[in-house]
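Residues in the sequence shown are numbered from 1340 upward in steps of one, following this note's numbering.
Note that beta-carbon positions come from the ideal geometry of N, C-alpha and C, so glycine has one too.
Keep in mind it's a predicted model, so treat the numbers as computed, not measured.
Taking it in order: structure first as structure tokens, then the write-up.
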Amino acid sequence: MKQLSMRRVAAIAGSVVFLVLAPGTLAVYVPWTFTRWHVSPPLLGFLPFRVVGAVLIALGLPVLLDSFARFAIQGLGTPAPIAPPKHLVVTGLYRYVRNPMYVAVVSLIFGQGLLFGSVGVLEYGMVVWLGFHIFVLAYEEPTLRAEFGDEYKEFCANVRRWLPRVKPWRGTGNVTK
């Protein structure tokens, strides 16, 4: 029991550090370098883009924090490839989309682009999404298939990579939730 608690504390600490370093840099620092959080005129002169941007930020942040917490508490690891989870995480928002962390980071970036009226941040967001997509296809999915086998294959067969399901996936009983 004590070993499990220590592992969980280490996973939480590692996840917090990784949260600050990776998503903090990609979704906060880099967009800030584009805008200095100065509000420019709305894109295409369309004020509702600002509202959409604020909604994307408001939705993206709790998704990101929830996903990180699940990796540490349930998966007993971090999102960082050097300290991956010990258990496949398929609860919470993972029942809707396979990559809620990446979706959240891109949502935060696009939200800032729309809120601050920055085409540069929106273009940067596209580059980040493309980088995530390539990383998921080339490294993450093959690694998870090798590590979690049929459990991960079942998850992939039922939960889409980028577009969330309308109803949560409940599994067939073969996957621990």
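Supposed contact pair residue j and residue i - C-beta distance, whole angstroms, cut 8 Å
{"i": "K1601", "j": "R1484", "result": "Only positions 1340 to 1516 of the chain appear in this structure, which leaves residue 1601 out of reach."}
{"i": "V1402", "j": "W1501", "result": "13 Å between Cβ atoms; not a contact."}
{"i": "P1387", "j": "Q1451", "result": "At roughly 16 Å, the Cβ-Cβ gap does not stay under 8 Å, so P1387 and Q1451 are not in contact."}
{"i": "V1467", "j": "N1438", "result": "About 13 Å; that fails the 8 Å criterion."}
{"i": "Y1441", "j": "F1407", "result": "Rounded, the Cβ-Cβ distance is 12 Å, inconsistent with contact."}
{"i": "I1351", "j": "A1411", "result": "4 Å"}
CB of residue i within 7 Å of CB of residue j, strictly
{"i": "V1429", "j": "Q1413", "result": "no"}
{"i": "F1487", "j": "G1464", "result": "no"}
{"i": "R1409", "j": "W1508", "result": "no"}
{"i": "T1457", "j": "T1374", "result": "Note on residue identity: the sequence assigns Ser, not Thr, to residue 1457. Yes, the Cβ-Cβ distance between S1457 and T1374 is below 7 Å."}
{"i": "L1453", "j": "V1394", "result": "no"}
{"i": "R1389", "j": "P1380", "result": "no"}
{"i": "G1384", "j": "D1405", "result": "no"}
Neighbourhood of residue i by C-beta, 6 Å cutoff - its chain only, sequence neighbours within 5 removed
{"i": "T1515", "result": "The predicted model places T1515 with a pLDDT of 44, which falls under 50 and marks its position as unreliable, so this point remains unresolved."}
{"i": "A1422", "result": "G1353, G1416"}
{"i": "V1378", "result": "F1455"}
Beta-carbon contacts of residue i that lie in its chain and below 7 Å, excluding the five residues immediately before and after
{"i": "L1398", "result": "S1446"}
{"i": "K1425", "result": "G1414, L1415, G1416"}
{"i": "V1356", "result": "none"}
{"i": "L1469", "result": "none"}
Cβ-based neighbour list, residue i, same chain, cut-off 8 Å, excluding 5 preceding and 5 following
{"i": "V1444", "result": "P1362, L1365, A1366, G1399, L1403, V1467, F1471"}
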